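*Asks:*
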Amino acid sequence: QQQPSSSSSSSAIMGNSASNSSANVAVSLEKQFYRAGEVVKGYVQVEVRSKMACKNVYAKFSGEVITAVRYTTGSGDNRRTHTAHQTNPVVGETLCVASFPGDAEPGLYQFPFQFTLHPSLPSSARSGWGGNEGSLIYGVGVQLERPGFMQWDLVNRTIFEVASAPPPTSAPMQKMDIQDVNMCCCIPKGNMELNSSLPFTVLAGQQAMQLQVSVKNPSSQDISKVAVELVEKVWLSANGHTTDARSVLVATNLQGIPAGSNMEQVVPLGLPPSFPNSTTDTAIMKVSHHIEVRADTPCCITNPALVLPVTLCKPLQVSAFASGLPGPVGGDQQAIPFVQALPYQPNASAMGSPIVVQATVVQSSSPATQATVVQAVPAQVVMGKQENEAEHYKNM
């Protein structure tokens, strides 16, 4: 099998670019959004303006988690802020889609490819705050291999987005919290009981949740309100440094409950129209979701509160990268930048590979199947990277 040159990793060696005076390369995809388990189809386009040395052309599918975590060292005048970076591969495959006898003649070339997405792949994701950032990115790159000393390869890559498949089943959930009400720390004034239940805990697309809330307040103290929040928590890790953030996606307040009263209510909790991140669990980036229900009480009384974990699966057409494509990791200016894909316009007149190839798989790794879609991980090392998340999950 043909092997790509050492510049076939996601970071290009100095001198590689998407174009030179003789040609340019680009990637076109049939569509931008895919569901896990579908087939990604597209083509590599090479436009040769003048005859040039050319050996092989590779299409490279990759998925990776990229994190940046800020941390400080020292104190006082010696306090310094740093940023740690880490990249973990999730999945990858390299195909040889074209081969040349030594030179490429002028003309327009299109080399089709397709990659089958593993059904357990997690969704594309992106989150950032205060200089911290995490992304789960899928993309297809091209490498046009040019033989000879100082003959820089032509490289390019574009992203596409994946939405994970919801788990096939979802069990109902019910929780209860009872808090004693004491005045001056020792005078009993009854208790408060908070109950909440969900008919299912996996929510996909624009599905609405019917949250059942029940409050019993036989105490002598009023409950001012019952707060209900859908919360997202993001945890990031980079080379041993960690950080996390909490945000409220949806919030609503229910009426208060006077002393000696009860309340039962069904709360329709609709998902945001464009929440960008599904529930995701990888070794260095975790996105979790839960519903918090809290009964607010007077000072010095513990609020009854419940946390109901849920799994969210974002709509297929909602982009995690609506704010823009991610830049080079860690400011690495030699990394191949992500660019927009070419419009998908297969040209019947375009030339194919001068030497017939069978879309040879040069290198690949697939995620190990997990019990839930949010724990998809790679089964082996990808493109020379040393991190293997499969061992991480085997011990969870």
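When we follow my numbering, the leftmost residue of the sequence shown carries the number 10, and every step to the right adds one.
All C-beta atoms, glycine included, are put in the ideal place defined by N, C-alpha and C.
Small disclaimer: the values here were computed from a predicted structure and weren't measured.
(1) Assuming PHE284 is part of the beta strand (DSSP E), what are its boundary residues?
(2) In terms of residues, what are the limits of the beta strand (DSSP E) holding TYR118?
(3) Could you name the residues of the same chain whose beta carbon sits closer than 7 angstroms to that of ARG44, not counting the 5 residues immediately before and after it, in chain order?
(4) Which residues in the same chain as ALA254 place their Cβ atom closer than 6 angstroms to its Cβ, once the five residues preceding and following it in sequence are excluded?
(5) In angstroms, rounded to a whole number, what distance separates the CA positions of PRO355 and GLN54?
(6) Give the DSSP-derived three-state secondary structure of ASP86 in the structure shown.
(7) Report the rounded CA-to-CA distance for HIS127 versus GLU102, giving the unit in angstroms.
(8) List the endpoints of the continuous beta strand (DSSP E) containing CYS322.
(9) Counting along the chain, where does the beta strand (DSSP E) carrying GLY150 start and finish?
(10) Can you have a look at ALA217 and say buried or exposed, based on whether 16 or more other CB atoms are within 10 angstroms of its CB?
(11) So for LYS40, helix, strand or coil by DSSP?
(12) Where ASN141 and LYS50 are concerned, what is the direct C-alpha to C-alpha distance, given to the nearest angstrom?
(13) Taking the C-alpha atoms as reference points, what is the distance between GLN342 and ASN165?
(14) Three or more C-beta pairs under 8 angstroms: does that hold for the region 316 to 331 against the region 209 to 225?
(15) Assign ILE293 to one of two classes, buried (16 or more other C-beta atoms within 10 Å of its C-beta) or exposed (fewer than that).
(16) Buried or exposed: where does LYS40 fall if 16 or more other Cβ atoms within 10 Å of its Cβ makes it buried?
(17) In chain order, what residues of the same chain have a beta carbon less than 8 angstroms from the beta carbon of ARG155, not counting five sequence neighbours either side?
(18) Relative to the alpha-carbon of SER129, which residue among ILE345, ALA35 and GLY46 has its alpha-carbon at the smallest distance?
(19) Using DSSP's beta-bridge definition, name the partner residues of SER228.
(20) May I ask you to list the residues that DSSP assigns as paired with ASN262?
(21) Leaving out five residues before and five after ASP186 in sequence, what residues of the same chain have Cβ atoms less than 7 angstroms from its Cβ?
(22) As a quick exercise: from LYS295, LEU239, VAL36 and GLN183, pick the residue whose alpha carbon is nearest that of PRO346.
(23) In whole angstroms, what separates the C-alpha of PRO267 from that of LEU280?
(24) From VAL302, ASN286, PRO176 and ILE310, pick the residue whose C-alpha is nearest to that of SER229; which is it?
(25) So, is ILE146 buried or exposed, given that buried needs 16 or more other C-beta atoms within 10 angstroms?
(26) Under 7 angstroms between the Cβ atoms of VAL222 and VAL276?
(27) Tell me whether ALA359 sits in a helix, a strand or coil according to DSSP, three-state version.
(28) Taking the straight line between their C-alpha atoms, what separation do you get for ASP290 and GLU273?
(29) Tell me the rounded alpha-carbon separation between LEU317 and GLY150.
(30) With DSSP collapsed to three states, give me the class of SER297.
*Replies:* On the basis of the supplied data:
(1) Note, PHE284: premise wrong, no beta strand (DSSP E); not H, not E.
(2) TYR118 -> beta strand (DSSP E) spans 116 to 125.
(3) Cβ neighbours of ARG44 beyond the five flanking positions: ALA172, ALA174 and LEU325.
(4) Same-chain partners within the cutoff: TRP138 and VAL243.
(5) For PRO355 and GLN54, the gap between their C-alpha atoms comes out near 9 angstroms.
(6) The answer is helix: DSSP assigns ASP86 an H, G or I state.
(7) Going by the C-alpha atoms only, they are around 12 angstroms apart.
(8) Its beta strand (DSSP E) spans residues 314 to 322.
(9) GLY150 -> beta strand (DSSP E) spans 141 to 153.
(10) Classification for ALA217: exposed.
(11) Looking at LYS40 - three-state DSSP - the assignment turns out to be coil, as it is neither helix nor strand.
(12) Taking the straight line from one Cα to the other gives about 33 angstroms.
(13) Residue placement at GLN342 is flagged as unreliable, the pLDDT there being 47, under the threshold of 50; the coordinate-derived value follows with that caveat. Annotation: GLN342 to ASN165 spans about 14 angstroms, alpha carbon to alpha carbon.
(14) Yes: at least three Cβ pairs fall under 8 angstroms.
(15) Under this definition ILE293 is a buried residue.
(16) Answer is exposed; the Cβ neighbour count stays below 16.
(17) Closer than 8 angstroms at Cβ, skipping near neighbours: MET61, ALA62, CYS63, LYS64, TRP161, ASP162 and LEU163.
(18) Selection ILE345, ALA35 and GLY46 evaluated against SER129 yields GLY46 as nearest (Cα-Cα).
(19) Partner(s): none; SER228 has no beta bridge.
(20) Answer is ALA236.
(21) Taken in chain order, the residues that qualify are LEU203, PRO313, ALA314 and LEU315.
(22) Comparing Cα-Cα distances from PRO346 to each of LYS295, LEU239, VAL36 and GLN183, the minimum goes to VAL36.
(23) Roughly 30 angstroms between the two C-alpha positions.
(24) From the listed residues VAL302, ASN286, PRO176 and ILE310, the smallest Cα separation to SER229 is found for ILE310.
(25) Residue burial is scored here from C-beta neighbours: ILE146 has at least 16 other C-beta atoms within 10 angstroms and is therefore classed as buried.
(26) In this structure, VAL276 lies closer than 7 angstroms to VAL222 by Cβ.
(27) Coil, per DSSP.
(28) Their backbone Cα atoms lie some 35 angstroms apart in a straight line.
(29) One C-alpha to the other measures close to 41 angstroms.
(30) Strand.
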